[in-house]
Amino acid sequence: MNPTIVTCAVTGSSTNFRTNPAVPVTPEQIATSCVEAARAGAAMVHIHVRDPQTGAPSTELAHYAEVVDRIADAGVDVVVNLTTGYGGRFRPDAADIRRADPSCNLAPPAARTAHITALRPEVCSLDVATFNLGDDAYLGTRVMVTEMAAAMVDAGVLPEIEVFEAGHLLLARHLVETGVLPAPGHFQFCLGLDWAMPATAAAIDFLRDLLPAGATWSAFGIGRRQFPMVAAAVAAGGHVRVGLEDNIYLSQGELAASNAALVERAVRIVEDLGQSVASPADARGILGLPPRP
Numbered sequence: 183m184n185p186t187i188v189t190c191a192v193t194g195s196s197t198n199f200r201t202n203p204a205v206p207v208t209p210e211q212i213a214t215s216c217v218e219a220a221r222a223g224a225a226m227v228h229i230h231v232r233d234p235q236t237g238a239p240s241t242e243l244a245h246y247a248e249v250v251d252r253i254a255d256a257g258v259d260v261v262v263n264l265t266t267g268y269g270g271r272f273r274p275d276a277a278d279i280r281r282a283d284p285s286c287n288l289a290p291p292a293a294r295t296a297h298i299t300a301l302r303p304e305v306c307s308l309d310v311a312t313f314n315l316g317d318d319a320y321l322g323t324r325v326m327v328t329e330m331a332a333a334m335v336d337a338g339v340l341p342e343i344e345v346f347e348a349g350h351l352l353l354a355r356h357l358v359e360t361g362v363l364p365a366p367g368h369f370q371f372c373l374g375l376d377w378a379m380p381a382t383a384a385a386i387d388f389l390r391d392l393l394p395a396g397a398t399w400s401a402f403g404i405g406r407r408q409f410p411m412v413a414a415a416v417a418a419g420g421h422v423r424v425g426l427e428d429n430i431y432l433s434q435g436e437l438a439a440s441n442a443a444l445v446e447r448a449v450r451i452v453e454d455l456g457q458s459v460a461s462p463a464d465a466r467g468i469l470g471l472p473p474r475p
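Right under this line is the structure:
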């Protein structure tokens with residue numbers, strides 16, 4: 183078996199920083215947390231950015247650029263994976279459901295991939311298809327996903343295909359088969375959100391069996407299912423993701439002191455199950471990325 187890639191999703195875009203002050207907010211804090219996670223054993227870091235003053239989610243190119251530059255300046259090798267997830271939420275206006283409520287953040291594909299085109303990270307996320315997300319809808323039509331995928335491929339960036347439902351994987355597989363997405367594809371199983379696939383070993387097995395031949399995959403669980411899904415993914419032959427984006431606790435009632443603490447726990451689980459942890463160089467080989475110069 184290949185070594186297991188541990189990804190750390192360091193901040194996300196929710197209001198969890200109000201519950202756990204360890205959630206990084208400013209570009210400097212986010213970059214520092216990425217470096218600490220890498221030193222703890224994460225081969226890849228998944229990055230959102232926030233407004234430094236309010237903590238609200240942001241798409242500001244300057245914030246992304248600062249985070250990426252600070253990681254590079256720290257001299258720590260890690261695969262950088264930037265999100266394109268922000269901009270997919272839709273909520274219908276109460277007076278006219280054909281229109282968007284002013285509170286939604288729905289943005290066109292070009293806006294959601296502008297920082298990818300500009301910064302060209304090694305990996306970026308690609309949310310596939312549509313699903314219920316809390317009281318909103320998360321929109322990803324085939325046309326929208328195709329346009330975003332084309333921007334990523336044109337920039338030389340590997341799309342990490344985010345799968346919240348089985349139908350998302352089927353659409354992604356179609357896009358792989360028709361050449362829209364590079365074959366065989368790298369997939370992330372996002373488990374445990376309300377109204378989407380549950381965070382169970384059975385869900386992992388089911389999704390894994392729908393993958394294109396030769397595809398690589400990782401999985402994560404939300405909240406208290408984070409570490410059980412690490413174990414389940416390793417047992418099923420996949421890679422894993424942890425981080426304060428998905429879970430702010432180290433154990434029941436104990437807030438995680440840092441992203442590094444969550445990575446250290448994941449590393450122990452991987453090794454206790456008899457598997458080795460991938461280095462960034464290993465991860466690049468597994469994912470088919472060019473070696474770092």
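Just so you know, we're using this note's numbering here: the sequence shown kicks off at 183 and counts up by one. All C-beta atoms, glycine included, are put in the ideal place defined by N, C-alpha and C. What you are looking at is a predicted structure, and each value in this text was computed from that prediction instead of being measured.
Where residue i sits in the DSSP three-state scheme
i	result
Asp-464	helix
Cys-216	helix
Asn-441	helix
Tyr-268	coil
Arg-423	strand
Pro-472	coil
Thr-382	coil
Met-226	strand
Phe-346	coil
Thr-193	coil
Pro-341	strand
Pro-274	strand
Arg-302	coil
Arg-232	strand
Pro-410	helix
Asn-198	helix
Glu-242	coil
Gln-434	coil
Val-250	helix
CA-to-CA distance, residue j to residue i, given in whole angstroms
i	j	result
Cys-372	Ala-277	33 angstroms
Val-412	Val-424	8 angstroms
Leu-375	Leu-437	20 angstroms
Glu-446	Ser-433	13 angstroms
Arg-450	Ile-404	19 angstroms
Ala-482	His-350	Since the first residue shown for the chain is 183 and the last is 475, residue 482 is missing from the structure and cannot be characterised.
Pro-394	Ala-365	8 angstroms
Asn-202	Leu-392	37 angstroms
Pro-290	Glu-453	42 angstroms
Ala-292	Met-330	7 angstroms
Ala-254	Val-416	30 angstroms
Ala-319	Glu-210	32 angstroms
Thr-295	Met-334	7 angstroms
Gly-237	Pro-473	35 angstroms
Gly-435	Arg-200	16 angstroms
Asp-317	Arg-407	22 angstroms
Glu-218	Arg-252	12 angstroms
Asp-275	Pro-284	8 angstroms
Val-325	Pro-410	35 angstroms
Cys-286	Glu-344	21 angstroms
Leu-357	Ala-256	37 angstroms
Whole-angstrom C-beta distance between residue j and residue i, which should lie under 8 angstroms
i	j	result
Leu-264	Ile-298	6 angstroms
Gly-267	Leu-288	So it is not a contact: roughly 12 angstroms between Cβ atoms.
Thr-214	Pro-234	At roughly 13 angstroms, the Cβ-Cβ gap does not stay under 8 angstroms, so Thr-214 and Pro-234 are not in contact.
Leu-308	Glu-359	Rounded, the Cβ-Cβ distance is 16 angstroms, inconsistent with contact.
Ala-337	Arg-302	5 angstroms
Ile-229	Ala-465	Their Cβ separation, rounded to whole angstroms, is 15 angstroms, which puts Ile-229 and Ala-465 out of contact at 8 angstroms.
Leu-243	Ala-300	6 angstroms
Ala-442	Val-422	Not confirmed; about 15 angstroms, so no contact.
Pair within 8 angstroms by beta-carbon distance, residue i and residue j
i	j	result
Val-261	Arg-221	no
Gly-420	Ala-401	yes
Gln-370	Met-183	no
Ala-378	Phe-272	no
Val-310	Val-327	yes
Leu-363	Ala-354	yes
Ile-212	Val-250	no
Leu-389	Ala-348	yes
Ala-397	Gly-367	yes
Ala-383	Ala-414	yes
Discussion item. Under 8 angstroms: do the region 448 to 461 and the region 219 to 230 share three or more Cβ pairs, one atom per stretch?
Written reply: yes
Worksheet item: Is the region 415 to 434 close to the region 189 to 208, with three or more CB pairs under 8 angstroms?
Response: yes
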